């Protein structure tokens with residue numbers, strides 16, 4: 020296993036400095052100690068390391084997710100306020116995936132579940148099919164396209 | 101520094117963000133009351149967790165930065181932790197419901213409850 024950049028250590032150090040709100044030398048030292056110890060411990064718990072690449076793609080994906088979260092917040096809000104007239108049409112949707120990397124799948128599940136209106140309900144590892152639960156299932160083709168084109172493709176570029 | 105010393109251009113957006121965040125959380129919670137099946141209700145609280153919390157945290161960053169006279173951004177960590185923990189609970193609830201073959205799920209359990217006929221083979225859920 021070739022390790023180029025200690026990503027986990029760097030992120031933990033960043034977290035330490037943020038929590039302590041300080042860039043003083045002793046905080047760097049303590050943070051470094053914390054980062055090295057914790058990431059060593061984490062590696063014994065989960066030896067499989069993620070190797071994310073393409074920062075640009077990742078940032079673009081974050082931006083898309085942020086826009087989608089805002090948009091679906093408004094959409095779900097409208098649905099809830101509109102329930103006096105009618106209940107939304109909930110339903111499950113099966114989506115075949117090409118993404119196989121476990122970290123990519125974890126990221127996909129977080130993106131989908133964190134977006135109001137959709138929940139990552141199940142993933143069948145054998146056939147690699149995702150079961151998605153949608154609050155307002157009007158247009159299945161749109162959901163399919165959003166998940167595969169907008170989320171899955173960049174995740175494959177980043178993690179595979 | 102007291103709140104009275106806060107400049108308007110900080111106080112105004114912060115207040116608007118707080119109101120927006122509060123409204124989003126309120127509407128999300130209202131969803132728990134209004135939606136009629138478990139599977140519909142599971143989507144409602146996500147609003148408060150995402151955009152609602154986001155608005156409140158940005159307001160907090162604005163006001164504490166202005167009060168402290170330096171950038172205060174450790175609220176970003178709260179966003180991060182919310183983002184990696186709250187979906188886990190939601191997925192756990194969803195899978196527990198699927199596993200139990202949730203149909204009546206409290207409340208009305210009207211037509212929508214039929215969606216509870218598990219789309220997933222039960223043996224694969226264990």
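Residue numbers (our numbering), protein chains in the order written: chain Y, 20 to 179; chain D, 101 to 226.
For glycine and all other residues, C-beta sits at the position ideal for the given N, C-alpha and C.
Bear in mind that the values here come from a model prediction, so they are computed numbers and not experimental data.
Distance between beta carbons of residue j and residue i, contact taken as under 8 Å
i	j	result
residue 153/Y	residue 112/Y	6 Å
residue 159/D	residue 121/D	7 Å
residue 192/D	residue 142/D	No, residue 192/D and residue 142/D are not in contact; Cβ-Cβ is about 11 Å, not under 8 Å.
residue 140/D	residue 121/Y	Not confirmed; about 30 Å, so no contact.
residue 145/D	residue 126/D	Between residue 126/D and residue 145/D the Cβ distance is about 11 Å, and since that is not below 8 Å, they are no contact.
residue 183/Y	residue 31/Y	Here chain Y covers residues 20 to 179 and nothing more, so residue 183/Y does not appear.
residue 88/Y	residue 150/D	5 Å
residue 130/Y	residue 170/Y	6 Å
residue 187/D	residue 91/Y	At roughly 14 Å, the Cβ-Cβ gap does not stay under 8 Å, so residue 187/D and residue 91/Y are not in contact.
residue 110/Y	residue 156/Y	4 Å
residue 197/D	residue 138/D	6 Å
Interface flag, residue i vs chain Y, CB-CB below 8 Å
i	result
residue 108/D	no
residue 200/D	no
residue 205/D	Residue placement at residue 205/D is poorly supported in this model, since its pLDDT is 41, which falls under 50; the coordinates are not used for a value here.
residue 113/D	no
residue 137/D	yes
residue 147/D	yes
residue 179/D	no
residue 169/D	no
residue 163/D	no
residue 131/D	yes
residue 119/D	no
residue 140/D	yes
residue 157/D	no
residue 116/D	no
residue 105/D	no
residue 153/D	no
Between the CA atoms of residue j and residue i - distance to the nearest angstrom
i	j	result
residue 165/Y	residue 86/Y	13 Å
residue 113/D	residue 44/Y	35 Å
residue 174/D	residue 36/Y	9 Å
residue 183/D	residue 106/D	30 Å
residue 56/Y	residue 177/D	20 Å
residue 126/Y	residue 80/Y	11 Å
residue 24/Y	residue 134/D	50 Å
residue 63/Y	residue 28/Y	14 Å
residue 52/Y	residue 181/D	22 Å
residue 151/Y	residue 139/Y	5 Å
residue 117/D	residue 155/D	5 Å
residue 66/Y	residue 119/D	45 Å
residue 76/Y	residue 168/Y	13 Å
residue 179/D	residue 34/Y	12 Å
residue 119/Y	residue 179/Y	8 Å
residue 168/D	residue 59/Y	36 Å
residue 39/Y	residue 108/D	29 Å
is_contact[residue i, chain D] using C-beta, thresh 8 Å
i	result
residue 173/Y	no
residue 89/Y	yes
residue 114/Y	no
residue 152/Y	yes
residue 37/Y	yes
residue 102/Y	yes
Residue i CB to nearest heavy atom of the ligand NAP below 7 Å
i	result
residue 75/Y	The ligand NAP is not among the ligands present in this structure, which contains no ligands whatsoever.
Chain-ordered neighbours of residue i on chain A, where CB pairs are closer than 9 Å
i	result
residue 139/Y	You won't find chain A in this structure, because its protein chains are Y and D.
Next item on the list: Run through the segment 42-76 of chain Y for me and flag every whole alpha helix (DSSP H) of 4 or more residues, listed as ranges in chain order.
Entry: Counting only runs of 4 or more, we get 44-64.
Margin query: Would the segment 160-178 of chain Y count as touching the segment 159-166 of chain D if we require 3 or more Cβ pairs under 8 Å?
Written below: When C-beta atoms of the segment 160-178 of chain Y are compared with those of the segment 159-166 of chain D, fewer than three pairs fall below 8 Å, so the two segments do not count as touching.
Notebook entry, point to check: Would the segment 128-139 of chain Y and the segment 88-100 of chain Y be scored as touching if the rule is three or more Cβ pairs under 8 Å?
Noted result: Contact between the segment 128-139 of chain Y and the segment 88-100 of chain Y is present, because at least three Cβ pairs lie under 8 Å.
Note to self: Check whether the segment 101-109 of chain Y and the segment 139-150 of chain Y touch, using three or more Cβ-Cβ pairs below 8 Å as the test.
What the structure shows: The segment 101-109 of chain Y makes no contact with the segment 139-150 of chain Y; the number of CB pairs closer than 8 Å stays below 3.
Checklist line | Segments of 4+ residues assigned as alpha helix (DSSP H) that fall wholly inside the segment 72-117 of chain Y | finding: Qualifying alpha helix (DSSP H) stretches, in chain order: 74-100.
Next item on the list: Just list the alpha helix (DSSP H) runs in the segment 124-209 of chain D, keeping only unbroken ones of 4 residues or longer that don't cross its boundaries, in chain order.
Entry: Uninterrupted alpha helix (DSSP H) stretches at least 4 residues long and entirely within the segment 124-209 of chain D occur at 138-141, 153-168 and 175-200, given in chain order.
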